[in-house]
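Numbering (my numbering), first residue to last: 36 to 366.
We put the CB at the ideal spot given by N, CA and C, even for glycine.
Just so it is clear, the structure is predicted and the values come from calculations on it, not from any experiment.
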């Protein structure tokens with residue numbers, strides 16, 4: 036028998052591995068909460084508990100929306116993917132600018148502000164005074180300033196560094212006080228009744244330049260104090276845009292940039308120092324726990340005619356807040 040060589044090459048047929056496809060209903064379950072969150076945050080619809088508290092987690096929700104986008108892509112459903120993409124874009128627009136510094140434009144004198152919540156006066160006085168010594172603020176805004184805390188700060192040497200003061204100390208969380216390197220003139224209080232003390236004073240810089248400092252400490256947005264929190268924020272004075280005086284609001288606002296009530300305050304002629312310096316995602320509360328601080332509720336708001344040069348946060352032992360420092364440039 037004659038062998039016939041037919042030639043050619045035998046190839047094994049490669050079977051394509053089946054691509055996993057996310058069921059569309061499950062993809063919607065992953066995407067819908069973030070889409071709703073974006074709508075609530077964009078429209079300022081966080082009207083009551085628990086959304087007032089949850090909205091502070093918007094930076095984390097923005098990160099989570101990226102995971103939801105991957106889930107949507109696995110579904111290969113056009114509607115789900117489109118919703119996820121739009122959600123991510125909205126979240127990015129809302130959050131990313133806080134990490135992008137703006138260029139200072141003001142060319143006037145420098146003003147340094149340090150604010151610290153002392154947690155019922157327990158915050159370590161020596162640490163606060165050391166921060167004053169190192170950072171050289173022109174003014175220190177304190178919240179939850181008790182009579183014992185005043186004595187501890189003086190014993191640590193604060194009076195030598197910041198000799199001028201307008202204090203409204205009190206037991207518990209209600210006390211506050213402004214310390215200054217330059218002469219202060221007390222101004223009438225404006226805070227609604229039933230809330231924390233919020234001292235207000237005019238600081239006179241060299242060259243007779245005046246700056247108004249408001250020591251902010253609103254009630255916390257927890258039942259039954261939520262209406263009081265809203266009233267405190269609404270009562271904060273607008274920036275004095277028609278005056279030569281520059282107004283600064285510094286302290287514990289118990290509000291983040293994701294709260295519409297705080298954005299309304301900023302909209303009255305202010306800018307947020309941390310946001311303006313690209314540090315708007317640096318968290319301040321709750322500090323000194325086994326985990327890092329989660330949200331940003333301490334702020335320095337300044338007249339938008341001025342500029343923010345730098346900001347930083349600093350640990351204060353035995354306080355549940357980080358101290359916030361801001362260097363500003365006046366117009």
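Count the other CB atoms within 10 Å of the CB of residue i; is the residue buried (16 or more) or exposed (fewer)?
{"i": "residue 81", "result": "buried"}
{"i": "residue 397", "result": "Examination of residue 397 is not possible in this model, given that the chain is present from 36 through 366 alone."}
{"i": "residue 256", "result": "buried"}
{"i": "residue 105", "result": "exposed"}
{"i": "residue 236", "result": "buried"}
{"i": "residue 137", "result": "exposed"}
{"i": "residue 233", "result": "buried"}
{"i": "residue 186", "result": "exposed"}
{"i": "residue 362", "result": "buried"}
My output table needs one value for residue i: the three-state DSSP class, helix, strand or coil.
{"i": "residue 351", "result": "coil"}
{"i": "residue 159", "result": "coil"}
{"i": "residue 83", "result": "coil"}
{"i": "residue 360", "result": "strand"}
{"i": "residue 207", "result": "coil"}
{"i": "residue 298", "result": "helix"}
{"i": "residue 337", "result": "strand"}
{"i": "residue 287", "result": "strand"}
{"i": "residue 322", "result": "coil"}
{"i": "residue 177", "result": "strand"}
{"i": "residue 312", "result": "coil"}
{"i": "residue 279", "result": "coil"}
{"i": "residue 128", "result": "helix"}
Sort the options by Cα distance to residue i and report the nearest one.
{"i": "residue 168", "options": "182, 176, 192", "result": "192"}
{"i": "residue 304", "options": "271, 313, 316, 92", "result": "271"}
{"i": "residue 242", "options": "218, 224, 97", "result": "218"}
{"i": "residue 328", "options": "87, 61, 91", "result": "91"}
{"i": "residue 326", "options": "355, 314, 332", "result": "355"}
{"i": "residue 204", "options": "184, 251, 264", "result": "184"}
{"i": "residue 130", "options": "286, 196, 293", "result": "293"}
{"i": "residue 62", "options": "282, 134, 291, 111", "result": "111"}
{"i": "residue 159", "options": "141, 189, 170", "result": "189"}
Taking a contact to mean a Cβ-Cβ separation below 8 Å, would you say residue i touches residue j in this structure?
{"i": "residue 77", "j": "residue 244", "result": "no"}
{"i": "residue 179", "j": "residue 153", "result": "yes"}
{"i": "residue 146", "j": "residue 246", "result": "yes"}
{"i": "residue 166", "j": "residue 349", "result": "yes"}
{"i": "residue 319", "j": "residue 346", "result": "no"}
{"i": "residue 267", "j": "residue 280", "result": "no"}
{"i": "residue 332", "j": "residue 288", "result": "yes"}
{"i": "residue 173", "j": "residue 216", "result": "yes"}
{"i": "residue 164", "j": "residue 151", "result": "no"}
{"i": "residue 107", "j": "residue 56", "result": "no"}
{"i": "residue 59", "j": "residue 121", "result": "no"}
{"i": "residue 135", "j": "residue 97", "result": "no"}
May I ask you to check if the CB of residue i is nearer than 7 Å to at least one heavy atom of the ligand FMN?
{"i": "residue 162", "result": "The ligand FMN is not part of the structure shown, which contains no ligands of any sort."}
Going by the DSSP bridge assignment, what does residue i pair with across the sheet?
{"i": "residue 212", "result": "177, 202"}
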